[in-house]
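>
Numbering (UniProt numbering), first residue to last: 1 to 303.
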């Protein structure tokens, strides 16, 4: 740190602890809490493999602080190789809270087509459930040198934090990839879909952006229609927060497609004060989406 020019900041706003993270974490949480009530903090947990950080520790961070963000590297390929009946009770598996029955369930997928894809989907759901994070991105670090899969898991409890992380993936598109489809509901196994379509490379590039926009444009009308069935408007924030986790879609992609649907006469957009926004190009989180009383002959809903 001194050689890099940070010597004067040591003990001021940079503090070095030589300890296991689990041992240092309680003091770190107290330090963050003393800084104010917002608890804005970033935990970058760059582990060598997949078992150095206990999921229970991440759960404690998310449950103690108001606005923490956690970046966790996770060598998912190494864990998949390690999984077996013989290691079902190993301490490393206990750190990620995988019990023998969890291992057996994951390994049952090994004989299926695209088994690594299926197991990875099972693992990210396991990590999200065990950490209790409301929002997450399970995208992969792409390396031309290494042929192993590394997750860069982003875990948080705030919609805005998740959205900004999603935008970062698109800006650094030569560094990340997504093992899933375009649009909403892009992860998880759907037996009605051809798994080979799910295995198409998604590199956050221009082609991936066009695919995402096209899929979202088709997905949104029935999603908005379903939400309007009880006569209530749908808030943009509710739409995004309820569907953003398992998707590469960001608020920018969503809002561009909402504007296009409005211009096509598929939806109406109201401001927070209830007034219509027939020409606005920007959409706020508090804006609401409404279906018009009459739709065009060529509505995307088929009416």
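We treat Cβ as the ideally placed atom computed from N, Cα and C, and that holds for glycine.
For residue 253, collect the residues of the same chain with a Cβ closer than 8 Å to its Cβ; drop the 5 residues on either side in sequence, then sort them by chain order.
Indexing the chain shown from 1 puts residue 253 at position 253. Closer than 8 Å at Cβ, skipping near neighbours: 209, 212, 213, 216.
> Between the C-alpha atoms of residue 189 and residue 121, what's the straight-line distance to the nearest angstrom?
Working through the chain shown from its first residue, we reach residue 189 at position 189. Working through the chain shown from its first residue, we reach residue 121 at position 121. Low local confidence applies: a pLDDT of 49 at residue 189 is under 50, so the model's placement there is unreliable, and no value is given.
> Per the contact definition of three or more C-beta pairs closer than 8 Å, is the region 160-168 in contact with the region 265-280?
Too few Cβ pairs lie closer than 8 Å, so no.
> Give the range of the alpha helix (DSSP H) segment to which residue 240 is assigned.
Walking along the chain shown from the start, residue 240 turns up at place 240. Here the alpha helix (DSSP H) through residue 240 covers 236-241.
> Could you tell me if residue 192 is buried or exposed, where buried requires 16 or more neighbouring beta carbons within 10 angstroms of its beta carbon?
On the chain shown, residue 192 is found 192 positions in, with the first residue counted as 1. Bear in mind that a pLDDT of 47 at residue 192, under 50, signals an unreliable position, so the number given afterwards is only what the model happens to contain. So residue 192 ends up on the exposed side.
> If you draw a straight line from the C-alpha of residue 274 to the C-alpha of residue 64, how long is it?
On the chain shown, position 274 is the one that residue 274 refers to. On the chain shown, position 64 is the one that residue 64 refers to. Cα to Cα, the separation comes out at about 37 Å.
> Straight-line CA distance for residue 267 to residue 12?
Numbered from its first residue, the chain shown carries residue 267 at position 267. Numbered from its first residue, the chain shown carries residue 12 at position 12. Distance between the alpha carbons of residue 267 and residue 12: 54 Å.
> According to the neighbour-count rule (16 or more other Cβ atoms, all chains shown, within 10 Å of its Cβ), is residue 25 buried or exposed?
Within the chain shown, the letter at position 25 stands for residue 25. So residue 25 counts as buried.
> What separation, rounded to the nearest whole angstrom, lies between the Cα atoms of residue 97 and residue 55?
Position 97 of the chain shown, counted from the start, is the residue given in the question as residue 97. Position 55 of the chain shown, counted from the start, is the residue given in the question as residue 55. Their Cα atoms are separated by approximately 7 Å.
> For residue 192, name the three-state secondary structure that DSSP assigns.
Position 192 of the chain shown, counting from 1, holds the residue named residue 192. Because the pLDDT of residue 192 is 47, which lies under 50, any placement of that residue in the model is unreliable, and the question is left without a value.
> What is the DSSP secondary structure of residue 149, counted as helix, strand or coil?
Residue mapping note: residue 149 aligns to position 149 of the chain shown, counting from 1. Residue 149: coil per DSSP, three-state reduction.
> If you follow the beta strand (DSSP E) that residue 14 is part of, which residue opens it and which one closes it?
Taking the chain shown and counting its residues from 1, the one referred to as residue 14 is at position 14. Here residue 14 belongs to no beta strand (DSSP E), and DSSP marks it neither H nor E.
> Going by DSSP, what residue range makes up the alpha helix (DSSP H) through residue 222?
Residue 222 sits at position 222 when you count from the first residue of the chain shown. Where residue 222 is concerned, the enclosing alpha helix (DSSP H) stretches over 206-227.
> So does the region 60-74 actually touch the region 27-44, counting three or more Cβ pairs closer than 8 Å?
Yes, they touch.
> On the CB-based measure, 16 or more other CB atoms within 10 Å of its CB, does residue 133 come out buried or exposed?
Within the chain shown, numbered from 1, the residue matching residue 133 stands at position 133. It is buried - the Cβ of residue 133 has at least 16 other Cβ atoms within 10 Å.
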